[in-house]
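Undergrad:
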């Protein structure tokens, strides 16, 4: 499609403004983490790594980081198993309610986080508390898995829709049983989609705060919750800026890798 010069200039300006709204605040967080003053004044009087050292020695931040890693790993593992199984069932089989299942799986990512959090909190208190299971790490992982399943499901089912069935049929014609066909043919073809979905699920869980607030018990504090709870403390403001900057940098890695994996998946499907 050929655009006029004015249209191209307008699109570039609009794109630049959009990127500025997204990334300038993130850049300010990074700069404020190097600000020698405790207040986030602008412009900063200088640059220092003093607060980075303080953040490294902060027991609360390190414990919150470990909690976030545990919750993200657990939610990702659940999402990979359930999301993959549901994707195979919906794509490979025809049964009553198939479209309804697809809708129900995708729905949690569209719901406001506070609605999901309140619903899970009520369900956990109603079902698990009488059984002696209170809010804690287990409920956080289950809460995160409810929306992490969606990204794995979407990645895997998109790959299955582009994957020709002739490869698996040829393997079975040559005598391979179902398990051998899956190991040798199906899994290598969907592996990149699984990795991309897992990375996105982990990033989604790692950054979650609303659902975590409603599903975490006393003493359970993920890194985003720790940042939010310490923002109102003036003495902690520089350390919070450092932790927020680190969180931004760490979040970029799985998202970038997932994007590369998705691109490789799309390219392989065209070969």
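In full-length UniProt numbering, the protein residues as written are 1 to 271.
No residue lacks a Cβ here, since even glycine has one placed at the ideal position from N, Cα and C.
Owing to the predicted nature of the structure, the values given are computational and were not obtained by experimental measurement.
In the structure shown, what three-state DSSP assignment does residue 7 receive?
TA: Note: residue 7 maps to helix in three-state DSSP.
Undergrad: Under 7 Å Cβ to Cβ from residue 126, same chain only, skipping five residues before and after it: list those, please.
TA: none
Undergrad: Ordered along the chain, which non-local residues of its own chain (more than five positions away) have a Cβ less than 7 Å from that of residue 135?
TA: Answer for residue 135: 124, 215, 216, 217, listed in chain order.
Undergrad: How many Å lie between residue 101 and residue 90 at the Cα?
TA: 8 Å
Undergrad: Among the residues of its own chain, which have a CB less than 7 Å from the CB of residue 240, if the five just before and after it don't count?
TA: For residue 240, where only same-chain residues beyond five positions count, the Cβ hits under 7 Å are 227, 230, 231.
Undergrad: Please report the distance separating the alpha-carbon of residue 210 from that of residue 4.
TA: 45 Å
Undergrad: What does the alpha-carbon distance come out to for the pair residue 176 and residue 212?
TA: 45 Å
Undergrad: Give me, in chain order, the residues of the same chain whose beta-carbon lies closer than 7 Å to that of residue 156; leave out the 5 immediate sequence neighbours on both sides.
TA: 83, 84, 87, 190, 193, 194, 197
Undergrad: Which whole-angstrom value describes the C-beta separation of residue 141 and residue 61, a residue pair presumed to lie in contact below a C-beta threshold of 8 Å?
TA: About 21 Å; that fails the 8 Å criterion.
Undergrad: Verify whether the separation of the beta carbon atoms of residue 43 and residue 35 is less than 7 Å.
TA: no
Undergrad: Please report the straight-line C-alpha distance between residue 245 and residue 33, rounded to a whole angstrom.
TA: Looking at the backbone, the Cα of residue 245 and that of residue 33 are separated by about 7 Å.
Undergrad: What is the rounded straight-line gap between the Cα of residue 224 and the Cα of residue 206?
TA: 8 Å
Undergrad: From residue 168 to residue 80, what does the alpha carbon distance come to, in whole angstroms?
TA: 22 Å
Undergrad: Output the distance between the C-alpha atoms of residue 146 and residue 220, rounded to the nearest integer angstrom.
TA: 19 Å
Undergrad: With DSSP run on the structure shown, which of helix, strand or coil describes residue 48?
TA: In the three-state DSSP reduction, residue 48 falls in the coil class, being neither helix nor strand.
Undergrad: Apart from the five residues just before and just after residue 54, which ones in its own chain have a Cβ nearer than 8 Å to its Cβ?
TA: For residue 54, where only same-chain residues beyond five positions count, the Cβ hits under 8 Å are 238, 239, 242.
Undergrad: Roughly how many angstroms lie between the CA atoms of residue 148 and residue 113, to the nearest whole one?
TA: 13 Å
Undergrad: Can you grab the Cα-Cα spacing for the pair residue 199 / residue 247, in whole Å?
TA: 15 Å
Undergrad: If we require 4 or more residues per run, which alpha helix (DSSP H) segments fall completely within the stretch 107-141?
TA: 113-123
Undergrad: My assumption, with CB atoms under 8 Å, is that residue 203 sits in contact with residue 255. Please give the rounded CB distance.
TA: 5 Å
Undergrad: Figure out for me which residue from 65, 152, 122 has the closest Cα to the Cα of residue 77.
TA: 152
Undergrad: Please list, in chain order, all residues of the same chain as residue 201 whose beta carbon is under 7 Å from its beta carbon, the five residues on each side excluded.
TA: By the criterion of a C-beta distance shorter than 7 Å, residue 201 is surrounded in its chain by 75, 76, 79, 148, 151, 152, once the five residues flanking it on both sides are discounted.
Undergrad: Is it buried or exposed, residue 117, if we count other Cβ atoms within 10 angstroms and call 16 or more buried?
TA: Counting Cβ neighbours within 10 Å, residue 117 comes out buried, since at least 16 surround it.
Undergrad: Could you give the DSSP three-state label for residue 186: helix, strand or coil?
TA: helix
Undergrad: Out of 111, 163, 174, which has the shortest C-alpha to C-alpha gap to residue 187?
TA: That would be 163, whose Cα lies nearest to the Cα of residue 187.
Undergrad: Just to confirm, is the Cβ distance from residue 144 to residue 63 under 7 Å?
TA: Contact flag unset, no.
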